[in-house]
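Remarks on the structure that follows.
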Amino acid sequence: MKVRDIMTTSTISVRGDTLLKEAARIMVRNHVSGLPVIDGDGRLVGIVTEGDFLRQEVSRDRPYRLSLLDALFGDGPPETPIAETVAEVMTDKVVTITPEASIGEAARLMANRSIKRLPVVGDDGMLEGIISRADIVNAFTKPDDIIEDEIREDIIRRLLFLDPESIEVTVSDGVVHLAGELENRTEVNLLEELARRIAGVVKVESDLTYVIDDRKLEGHTPI
């Protein structure tokens, strides 16, 4: 199962010139603690989080404390400028992940870097989505009967145009077991790979067999 299978694609993002107050409203309204920052072409250029707002508030308070020191000692430092836009406070060195990475890779990256979400970025630098800790947890809590139904109806019937009753599908704690005989090796490989990509699938154990090894036929050159 890949990041692309569970990431949120309708990502809420802001531009660098977005006012901080507006970014804060967006975060509160959508119950998120961070927002990817993109340029005019949709490429990721940074991320703004609750921590950035907290640091901004610390900076906002500092001049008042320093003015007290100035009153006592008669010497005051220059006033600290207060940021107004996202670009002024965002983190531009963003930890990202690709849509082709595994969910395990995403989980390790989040744990090692102590972050709650990862922007998903393609090879061209375009923001394609975002994956959070909650997405990873939810992926592994999908009920077994729902997973089985998705394999039978979405994959076997609708994608491969096969009879679901001709294939044995059982799911236990996210582990899928497939058994039965299909027409060719390509169908077997497709069913196994598509089953692995379903959110909530931990592993696929396959006892599927095939009548024809069509891959060998494709590589055969008649004499």
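The working numbering puts the first residue of the sequence shown at 20, with every later residue one more than the last. All residues carry an ideal CB built from backbone N, CA and C; glycine is no exception.
Within a Cβ cutoff of 8 Å, which residues of the same chain sit near P241, ignoring the five residues on either side of it in sequence? The predicted position of P241 is uncertain, since its pLDDT is 46 and thus under 50; a value taken from the coordinates is nonetheless stated next. For P241, where only same-chain residues beyond five positions count, there are no Cβ hits under 8 Å.
Discussion item. Which of the three DSSP states is assigned to K112 in this structure?
Written reply: Per DSSP, reduced to three states, the secondary structure at K112 is coil, with no helix or strand assignment.
Nearest residue (CA-CA) to T228, options E206, D111, L236:
Of E206, D111, L236, the residue nearest in Cα terms is E206.
Margin query: Output needed for I45: all residues of its chain with C-beta closer than 7 Å, excluding positions within five of it in sequence on either side, in chain order.
Written below: Excluding sequence neighbours, I45 sits near I31, V33, L54.
So what does DSSP say about K222, is it helix, strand or coil? The three-state secondary structure of K222, taken from DSSP, is strand.
Tell me which same chain residues have a C-beta within less than 8 Å of the C-beta of G144, skipping the five on either side of it? Excluding positions up to five away in sequence, the list reads R62, L63.
Subject >> With 16 other Cβ atoms within 10 Å as the buried cut-off, status of D142 >> reply: Result: exposed.
**Asked** Going along the chain, which residues of its own chain have a beta-carbon closer than 6 Å to the beta-carbon of V223, five neighbours each way excluded?
**Response** Contacts found: V195, E211, A214, R215.
Ordered along the chain, which non-local residues of its own chain (more than five positions away) have a Cβ less than 6 Å from that of G148? Counting only Cβ-Cβ distances below 6 Å, and skipping sequence neighbours, we find M26, T27, T28, T30, V139.
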